[in-house]
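Taken in order, the sequence shown gives residues 37 to 980; the numbers are from my numbering. All C-beta atoms in this analysis are idealised placements derived from N, C-alpha and C, irrespective of residue type, glycine included. All remarks here apply to the structure that follows.
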Amino acid sequence: MNNSIKEDSSRWDKAISVSNMGWWEADYNKEMYLFSDFVAQLLGLDAGKNEMSFHDFQQLLPEDYRNLFNYTSLFYKGSDEMFEQRLPVNTPKGKIWVLLRAAGGQDTNRCTGMLQQLSKEETSYMESDSGKRFERMLYWQNSISDALLVFLQEKDAVISVHMMLKELLIQFNADHTYIMEFDNNYTCENCIYEVSKEGHELIYEENMCNAIDKSDWWNSRLTTGIPIILNLSDIPLEGGEKLEWMKGRHINSIIFLPLLSGNDIWGYVGIEFATQKKEWKQDERLWFTFIANILSICLKLRRSVEEAENRHQYFKWLLSSIPAGIELYNADGKLIEVNDKDAEIFGVAKKEDLLGINLFEHPLANKDLKDRIRTGETVDLSFNYSFDKMVDYYQTPQKGTRALITKIIPLRNHEGKITNYFILVIDNTETQNAQSRIIEFEEFFSLAGDYAKVGYARYDLIKCEGYASDSWYLNVGETKDKALKELFTSCEYIHPEDRGKIEYFLEEARKGVLKKFRENVRINRGDRYTWSCVNILVRDYRPEEGIIELVCINYDITELKEMEEKLIEAKNHAETLDRLKSAFLANMSHEIRTPLNAIVGFADLLADTEDRNERSQYMAIVRENNDLLLQLISDILDLSKIEAGTFDFIFGDIDVNRMFEEIVLSYKIKVPKGVELLRSGHQGECRLHSDKNRLTQVITNFVNNALKFTSQGSITVGYEITPDNMLHFYVTDTGTGISPDKVDSIFERFVKLNSFVQGTGLGLSICKSIIEQLGGTIGVESEQGVGSTFWFTIPWTQPESNNICTDGLISVHSHTLSAVSTETRKLRILIVEDNSSNYLLIASILRKNYELQHAENGQEGIEMYQLWKPDIILMDIKMPVMDGLTATTLIRKQDKEIPIIITTAFAFEQDKVNALQAGCNDFLPKPINSVHLKNLIIKWTANK
């Protein structure tokens with residue numbers, strides 16, 4: 037079998053040898069040729085050697101043909117076209133002409149073809165000028181075909197353009213070639229492609245724009261489509277600058293051919309010759325022009341393709357980026373394209389699921405709408421899109437409705453025929469919801485503005501137009517039906533002084549001088565003035581465009597102003613009180629030292645005098661000043677309790693007439709000569725449920741003040757029952773009276789009408805607090821030089837029982853003490869007191885008439901009580917070992933009858949209550965009044 041194949045191959049070789057023909061195979065990886073025996077012998081290879089490298093084969097060609105043969109041209113990648121070329125080859129037997137044929141294929145690594153020796157006639161033709169031109173034209177055609185094939189196969193135009201430019205260098209044996217592009221105004225040129233012969237450098241920078249002058253000789257020809265073919269010696273005088281340029285680069289010849297696109301010249305292709313003076317033949321010029329036109333067409337075609345691709349990419353980007361749905365239907369209404377946003381709006385995961393639906397079958401499109409679309413009308417729609425009606429139209433998980441805005445646009449071809457329908461879909465649901473929220477916010481803002489009395493307005497000073505909220509009108513005293521222009525020119529309800537300030541600002545704002553205004557203005561409400569804070573801001577100042585926009589905000593500050601006035605009044609009052617308090621402290625120093633001075637001074641004199649009358653006189657002075665000092669301390673303590681809010685009231689049933697008898701009786705001895713103390717008013721039985729001590733405190737304060745300022749006449753005390761079931765108490769004197777300017781402040785703290793009269797200036801203030809806490813009112817009526825009437829009125833609260841409060845000051849006469857002194861047996865008094873000075877004082881008062889025993893604390897007091905069995909006990913509260921209240925409680929467990937009187941420096945009303953609750957019979961605060969002490973002892977020992 038193998039022998040048979042070899043014989044057939046041998047016979048085939050002999051057959052083709054007779055035809056002066058042989059085969060060859062090119063291996064492009066090894067760059068080697070494999071020849072048949074005929075070809076190997078024809079080329080003069082040694083016997084048995086049938087291989088030759090690409091380079092060695094090219095060396096067999098004459099030098100002027102070596103550049104015209106390129107082994108890569110023997111096949112086309114992926115092409116089945118036939119390639120052939122005639123070449124002269126130098127062999128050991130001389131130069132011969134051969135014909136190379138090759139067929140392309142899918143194998144890009146190998147190529148197989150035939151080589152045939154030409155006949156003598158064919159050789160003679162190829163050696164002739166016509167044959168050479170034919171072969172050259174054939175080569176040029178093949179090279180251009182190669183470049184065009186690459187242009188069609190490659191996306192990058194640079195490769196194919198560079199191939200063409202390189203072929204130009206080879207074909208014309210040139211040194212430098214390039215393509216220049218003009219800008220739109222022919223003011224500069226830019227080299228977009230450039231190729232140089234091996235060994236020559238590129239001269240143009242990429243994307244470098246070179247300025248040109250369209251009016252010079254060179255550019256005026258090129259920009260009007262006239263070629264330039266010149267040798268160095270042929271350049272005219274008008275091209276002098278270019279001549280220097282050519283000399284500087286050693287250029288002998290050039291050719292510039294303009295590149296056209298339609299009627300426009302967009303650039304030119306140039307070839308430079310440095311080593312020769314080129315004489316252009318007709319066929320060469322025609323061929324170069326042909327190549328230039330092909331280059332222009334290819335480049336413009338490529339640019340058009342790139343622009344189309346860019347537009348396509350931009351359109352794709354626009355489809356994917358635009359925040360609206362895009363739908364494209366064909367002429368029959370079939371959906372052929374949508375963007376992702378459209379699929380998102382309609383809740384479709386894949387946009388392919390929407391493709392194919394028909395516009396004219398849409399469930400929401402009625403017949404009228406479909407007819408309008410078919411007739412090519414541009415349709416704008418705004419509607420609520422219901423997904424519940426789309427069940428049979430397309431599948432979507434969306435539910436409910438969405439607010440859509442849709443525009444349907446017909447697309448037509450050049451004949452005006454509809455080819456497509458373009459639909460733009462905008463989801464307006466969020467905007468609609470936002471508008472609803474804005475409306476809600478505006479309503480809320482309006483409500484809040486009305487509630488907070490804050491108004492808002494916008495106004496253009498030039499156009500005299502704007503907007504204002506209801507509360508804005510209200511805050512300037514106007515109604516909403518009043519034109520804003522009238523308000524901004526003259527607002528009648530704003531106080532004239534304040535209106536002038538606003539008018540001044542508006543005038544200056546119109547000039548651009550002032551930008552902000554803030555002022556508190558008065559608004560005339562008819563019966564009174566209210567206050568509004570007016571704020572105006574120049575928001576947009578463009579008078580040249582007819583705009584001076586103001587933003588105005590006002591709010592009612594009447595309450596703030598009233599509060600401010602009250603705070604100022606309170607501040608002034610506090611400052612006044614502070615001054616009065618300072619004066620009070622200074623006065624207290626005087627008021628305390630004055631009675632102390634008398635007490636200390638006359639106490640010393642008592643020890644030195646023997647005269648009984650002088651001693652009685654000194655004792656009276658000491659007792660009077662002691663009362664003054666005690667009253668001073670009581671007032672200060674009451675003030676402290678009022679300040680702390682702990683002013684106590686002990687309510688009980690009171691016989692009002694008896695209370696007045698006690699007060700009058702106690703003051704009889706204090707009334708100076710020339711003054712009479714009288715009782716008047718209601719004389720019938722009158723009982724009252726209230727605090728007797730506090731009422732007595734107020735009335736006695738009135739009486740004390742009357743005694744200070746009355747030197748002649750009378751002081752009358754009394755009460756009346758008013759028709760409205762109130763008790764009206766009064767103290768009237770014929771004293772100096774009060775000047776009208778001081779009547780209103782008489783009940784304020786630290787106020788003294790006469791700084792030379794003893795007193796704290798607190799008494800009447802304390803009286804006012806007492807009466808007001810009892811639910812009453814207090815006042816004074818006075819005429820200077822005639823006298824005064826101090827009064828108070830309280831509710832007449834009837835007692836619930838017949839138990840009447842009887843504690844109080846009781847007038848003591850000399851016969852009472854005499855009665856005590858005539859008793860046959862001295863009563864035993866146990867004095868429980870830890871302070872030796874206090875015990876000595878009490879003992880000095882009582883030792884003449886009573887038998888005394890002393891205990892220094894509560895525990896010792898209990899023991900003394902058990903051993904000595906006293907008739908009455910005087911008990912202090914604060915003591916070591918055991919306090920007086922505890923001792924009283926323990927004694928009461930043994931003896932319910934023995935009288936116990938508390939004598940203590942704790943003088944508050946609550947201390948008295950605590951003492952009574954512990955089992956004491958009575959309460960005597962320190963400093964001890966001797967008369968009062970003796971009266972209490974008589975009171976509780978009368979049956980002994």
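Selection from the options that minimises the alpha carbon distance to residue i
i	options	result
A634	D644, D647, A656 and R615	A656
G369	I705, R438 and I445	I445
L154	S164, E87, R146 and L123	L123
L921	T223, E933 and T939	T939
L136	K884, C147, I936 and T525	C147
T758	T829, H286 and W316	T829
S873	E230, F93, K406 and P963	P963
Q77	A62, K66, D63 and K129	K129
R554	D563, R564 and R535	R535
Q809	R730, V415, N56 and M762	R730
G799	T813, K744, T770 and D671	D671
E544	R561, I559 and V574	V574
K380	R338, L364, P359 and A367	Residue 380 is actually Glu in this sequence, not Lys. If we check each option's Cα against that of E380, P359 comes out closest.
I782	C803, D270, G955 and A138	C803
I530	S505, A610, G562 and A138	G562
T259	L268, Y229, I228 and L295	L295
G717	E784, V767 and N420	V767
I327	D640, M200 and S251	M200
I705	D424, G720, D727 and N740	N740
L331	K314, F351 and G306	G306
V787	G383, S801 and S775	S801
E933	T977, R659 and K131	T977
Opening and closing residue of the beta strand (DSSP E) in which residue i lies
i	result
N998	Outside the shown range of the chain (37 to 980) lies residue 998, about which nothing can therefore be said.
Y766	M762 to D769
P776	That residue, P776, is in no beta strand (DSSP E); its alpha helix (DSSP H) goes P776 to V779.
S750	G749 to I757
L866	L863 to V868
S89	E87 to S89
P961	D958 to P961
Inter-residue Cα distance where the pair is residue i and residue j
i	j	result
C500	L542	12 Å
V34	A643	Outside the shown range of the chain (37 to 980) lies residue 34, about which nothing can therefore be said.
E345	T411	33 Å
L204	S196	13 Å
L497	E522	12 Å
F696	G754	7 Å
T442	T414	11 Å
E342	L335	10 Å
H968	V868	18 Å
P935	N971	14 Å
W508	K377	45 Å
Y591	S568	5 Å
G812	Y492	50 Å
I265	I291	4 Å
H890	I909	10 Å
K552	L586	10 Å
S847	E896	Confidence in S847 is poor, its pLDDT being 32 and thus under 50, which makes the residue's placement unreliable; the coordinate value appears in the next sentence. One C-alpha to the other measures close to 35 Å.
V856	K778	Because V856 sits at a pLDDT of 39, beneath the cut-off of 50, its placement in the model cannot be relied upon, and the following sentence gives the value as read from the coordinates. Going by the C-alpha atoms only, they are around 51 Å apart.
DSSP bridge partner residues for residue i (one or two, in chain order)
i	result
R554	N571
A439	N420
C227	M216
G799	Bridge partners of G799: none, in fact.
H890	I867
Bounding residues of the alpha helix (DSSP H) (the contiguous stretch that carries residue i)
i	result
R257	W253 to L258
N950	E945 to A954
L921	G920 to Q930
D981	Residue 981 is absent from the structure shown; the chain starts at 37 and stops at 980.
R1009	Outside the shown range of the chain, which is 37 to 980, sits residue 1009, and nothing can be said about it.
_Secondary structure, beta strand (DSSP E): runs of 3+ residues fully inside the region 286-350_ = 289-297 and 300-309
_Which complete beta strand (DSSP E) runs does the region 492-528 hold, if anything under 3 residues is left out?_
501-504
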